[in-house]
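*Asks:* Before I ask anything, let me first share the structure, which is written out below as structure tokens.
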């Protein structure tokens with residue numbers, strides 16, 4: 001009985017693991033504008049950058065180009 | 001039993017390997033793409049959500065094709081309607097295959113997107129992964145080299 005419970009628990013734990021990679025052509029959702037840093041509203045990103053610059057006296061180093069679709 | 005499992009794992013890994021330069025295209029894919037052995041094919045995988053594809057497709061459409069060269073587009077959108085609308089919007093002049101069940105892209109398994117393959121005699125002779133500036137000039141140059 002104990003063995004069965006242990007097996008079931010391990011099975012449940014393993015269900016949380018996945019080795020399936022997201023292929024470049026499966027990145028439809030990642031390529032959406034809302035997935036960009038700052039989301040759909042670029043002004044939020046601008047405002048945050050302004051606050052960061054005011055507080056830290058430095059800028060840059062936030063995010064990378066591209067929409068996450070794996071296109072270079 | 002263990003031996004069988006190891007063999008099964010090995011074969012499953014081999015079947016999942018991506019097609020690369022020098023590899024032959026599986027017969028069923030060749031038949032479905034209707035490939036002629038006397039022609040050079042430029043196969044471009046694209047999707048409506050891919051911003052680089054939106055940039056590249058009008059340039060690829062400009063590629064001058066001769067009797068011995070053909071461009072084939074493979075759209076990998078989940079919904080065929082999205083792909084059709086995208087193709088219509090960009091006025092794509094070449095043959096487009098809608099790969100909604102991911103059969104073609106699954107067989108080629110490119111490591112980047114958009115993915116472009118040059119095929120001659122049923123074999124991949126060159127690949128371009130990801131977006132390239134002035135792709136039309138690149139294709140023209142590559143076709144000259146392949147011929």
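Chains as they are written, first to last, in this note's numbering: chain A, 1 to 72; chain B, 1 to 147.
Just so it is clear, CB atoms sit at the ideal spot from N, CA and C, and this is done for glycine as well.
Give the secondary structure of residue 22 of chain A by DSSP, where H, G and I count as helix, E and B as strand, and everything else as coil.
*Replies:* For this step, residue 22 of chain A is matched to residue 22 along the first chain. Three-state result, residue 22 of chain A: coil.
*Asks:* Please classify residue 15 of chain B: is it buried, with 16 or more other beta-carbons within 10 angstroms of its beta-carbon, or exposed?
*Replies:* Taking the first residue of the second chain as 1, we reach residue 15 of chain B at position 15. Note that residue 15 of chain B scores 44 on pLDDT, short of 50, meaning its location in the model is unreliable; the coordinates nonetheless yield the value given after this. Exposed, because fewer than 16 other Cβ atoms sit within 10 Å of the Cβ of residue 15 of chain B.
*Asks:* Straight-line CA distance for residue 37 of chain A to residue 55 of chain B?
*Replies:* On the first chain, position 37 is the one that residue 37 of chain A refers to. On the second chain, position 55 is the one that residue 55 of chain B refers to. Between residue 37 of chain A and residue 55 of chain B, the C-alpha separation is close to 22 Å.
*Asks:* Any beta carbon from chain A within less than 9 Å of residue 73 of chain B's own beta carbon?
*Replies:* Taking the second chain and counting its residues from 1, one reaches residue 73 of chain B at position 73. So no, residue 73 of chain B is outside the interface.
*Asks:* With which residues is residue 116 of chain B paired in a DSSP beta bridge?
*Replies:* Here residue 116 of chain B is taken as the residue at index 116 of the second chain, counted from 1. The partner list for residue 116 of chain B (beta bridge, DSSP) reads B:44 and B:128.
*Asks:* How far does the alpha helix (DSSP H) with residue 51 of chain A in it extend, from its first residue to its last?
*Replies:* The sequence position of residue 51 of chain A within the first chain is 51, counting from 1. Note, residue 51 of chain A: alpha helix (DSSP H), 42–56.
*Asks:* Go ahead and label residue 131 of chain B buried or exposed: buried means 16 or more other beta carbons lie within 10 angstroms of its beta carbon, across all protein chains shown.
*Replies:* Along the second chain, one-based indexing puts residue 131 of chain B at 131. Buried.
*Asks:* Taking the continuous alpha helix (DSSP H) assigned at residue 106 of chain B, which residues delimit it?
*Replies:* The residue you call residue 106 of chain B lines up with position 106 of the second chain. Taken as a continuous stretch (DSSP letters only), the alpha helix (DSSP H) holding residue 106 of chain B covers 103–108.
*Asks:* Distance cutoff 9 Å, beta carbons only. Does residue 83 of chain B sit that close to anything in chain A?
*Replies:* Mapped onto the second chain, residue 83 of chain B falls at position 83. Cβ-Cβ to chain A under 9 Å: no for residue 83 of chain B.
*Asks:* Here's a check: name, in chain order, each residue in its chain whose Cβ is nearer than 7 Å to the Cβ of residue 80 of chain B, leaving out the five neighbours to either side.
*Replies:* In the second chain, counting from the first residue as 1, residue 80 of chain B sits at position 80. Excluding positions up to five away in sequence, the list reads 98 and 100.
*Asks:* Count the other C-beta atoms from every protein chain shown that fall within 10 angstroms of the C-beta of residue 60 of chain B, then say buried if there are 16 or more, exposed otherwise.
*Replies:* Counting from 1 along the second chain, the entry for residue 60 of chain B is found at position 60. Buried.
*Asks:* Straight-line CA distance for residue 31 of chain B to residue 106 of chain B?
*Replies:* Mapped onto the second chain, residue 31 of chain B falls at position 31. Mapped onto the second chain, residue 106 of chain B falls at position 106. Cα to Cα, residue 31 of chain B sits roughly 16 Å from residue 106 of chain B.
*Asks:* Check whether the segment 3–22 of chain A touches the segment 108–125 of chain B, counting contact only when three or more Cβ pairs, one atom from each stretch, lie closer than 8 Å.
*Replies:* They do not touch, by the three-pair rule.
*Asks:* Shorter than 9 Å from the beta carbon of residue 49 of chain A to some beta carbon of chain D?
*Replies:* In summary, chain D is missing from the structure at hand, where the protein chains are A and B.
*Asks:* Leaving out the 5 sequence neighbours to the left and right, which residues in its chain are closer than 6 Å to residue 82 of chain B when beta-carbon positions are compared?
*Replies:* Taking the second chain and counting its residues from 1, one reaches residue 82 of chain B at position 82. So the qualifying residues of the chain are 48.
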